[in-house]
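*Asks:* Dropping a structure here in structure tokens format, bear with me for questions.
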Amino acid sequence: MEEEEKEIKLITLGNSEVGKSSIINQFVFKNFDKDLINTIGMDSKNYEIKIDDKTIKLKIWDTAGQERFRSIQKHYYNKVDGILFIYDITNKTSFDIIEQWYNEVKNYNDNIIGVLIGNKTDLEDNRTVTTEQGQELAKKLNFAFYECNSVDGENVHEAFESLVKMILEEKNKNKNKETDTALKIEDKRSSEQRQNESSRDRKEGCVC
Ligand SMILES: Nc1nc2c(ncn2[C@@H]2O[C@H](COP(=O)(O)OP(=O)(O)O)[C@@H](O)[C@H]2O)c(=O)[nH]1
Ligand SMILES: [Mg+2]
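One rule links them: number in the numbering used here = place in the sequence shown (from 1) + 3.
Have a look at this one:
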């Protein structure tokens with residue numbers, strides 16, 4: 004039978020207009036809607052993704068980049084399992100500000116699992132952020148890196164998939180650590196029990 008994982012929570016971060024809502028729309032509905040209504044505050048979408056024969060439930064929080072909604076967003080930073088940091092490859096400011104987003108989140112969540120996404124690759128002629136600059140920043144922040152566009156969906160699924168895989172790996176590592184600790188405690192208990200039993204046996208004069 005297929006094993007079901009607990010829901011994984013993701014959030015998008017990045018300046019207004021970089022394409023956060025469009026990327027989620029493309030990932031969930033496989034389409035591009037140029038008349039997507041501006042996100043106000045927070046919005047969320049559910050999606051199920053298959054990874055290695057497992058169905059993983061995702062909840063994706065979409066944020067509005069406007070300053071006035073930052074105070075709402077903060078409440079989500081330590082509740083999510085992974086973050087999609089998104090910039091627009093034709094807008095250098097949206098790229099330069101990514102580290103600020105990263106530092107803000109770090110105040111609330113010390114163990115960020117993230118993917119850096121350069122969006123709008125269909126607008127190659129207007130590119131102002133090079134692929135190398137994106138790669139370098141991702142390396143510095145220890146994130147995965149993808150360039151994508153939400154018009155034809157290039158790399159959109161791949162970016163989400165890689166983030167979810169990293170989260171699952173981290174969860175597995177923690178699970179293994181917990182199992183190791185539990186085994187060690189169990190081991191210690193049984194060795195103490197053996198010692199107690201043998202000292203009791205000695206006191207009772209049993210030599211068996
Ligand atoms: N050419 C192009 N336009 C995009 C792409 N993604 C989003 N857009 C457009 O960029 C604008 C902002 O997109 P939106 O998803 O609302 O950005 P958000 O504010 O970050 O959620 C809209 O006009 C979208 O149609 C893309 O990959 N390529
Ligand atoms: Mg939006």
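Positions of the beta carbon are idealized from the N, C-alpha and C atoms, including for glycine.
Give the secondary structure of ALA185 by DSSP, where H, G and I count as helix, E and B as strand, and everything else as coil.
*Replies:* ALA185: helix per DSSP, three-state reduction.
*Asks:* Cβ of LYS24 versus every heavy atom of ligand 2: is any distance shorter than 6 Å?
*Replies:* Looking at the sequence itself, residue 24 is Ser, so the reference to Lys does not match. At least one heavy atom of ligand 2 is nearer than 6 Å to the Cβ of SER24, so yes.
*Asks:* What residue from THR134, CYS151 and PHE88 has the CA that sits closest to LEU13's CA?
*Replies:* LEU13 has its Cα closest to that of PHE88, out of THR134, CYS151 and PHE88.
*Asks:* Assign SER212 to one of three DSSP states: helix, strand, or coil.
*Replies:* Any property of residue 212 remains undetermined from this structure, which presents the chain solely from 4 to 211.
*Asks:* Should SER165 be counted as a contact of ligand 1 given a C-beta to heavy atom distance under 6 Å?
*Replies:* For ligand 1, no non-hydrogen atom lies closer than 6 Å to the CB of SER165.
*Asks:* What is the rounded straight-line gap between the Cα of VAL167 and the Cα of ILE86?
*Replies:* 10 Å
*Asks:* State yes or no: is the C-beta of LYS123 nearer than 6 Å to some heavy atom of ligand 1?
*Replies:* Yes - ligand 1 has a heavy atom lying nearer than 6 Å to the Cβ of LYS123.
*Asks:* When you compare only the Cα positions, how much space is there between PHE163 and ILE120?
*Replies:* Each residue's Cα considered, the two are about 10 Å apart.
*Asks:* Within the same chain, show all residues whose beta-carbon is closer than 8 Å to that of ILE170, passing over the 5 residues directly before and after it, in chain order.
*Replies:* ILE11, ASP84, GLY85 and ILE116
*Asks:* Apart from the five residues just before and just after LEU39, which ones in its own chain have a Cβ nearer than 7 Å to its Cβ?
*Replies:* SER24, SER25 and ASN28
*Asks:* Relative to the alpha-carbon of ASP99, which residue among PHE35, VAL21, GLN76 and VAL154 has its alpha-carbon at the smallest distance?
*Replies:* VAL21
*Asks:* Three-state secondary structure (DSSP) at ALA67?
*Replies:* coil
*Asks:* Just the Cα atoms here: how many angstroms apart are ASN145 and SER165?
*Replies:* 13 Å
*Asks:* Quick one, which of LYS123, ASN129, GLU139 and SER74 has its alpha-carbon nearest GLY156's?
*Replies:* LYS123
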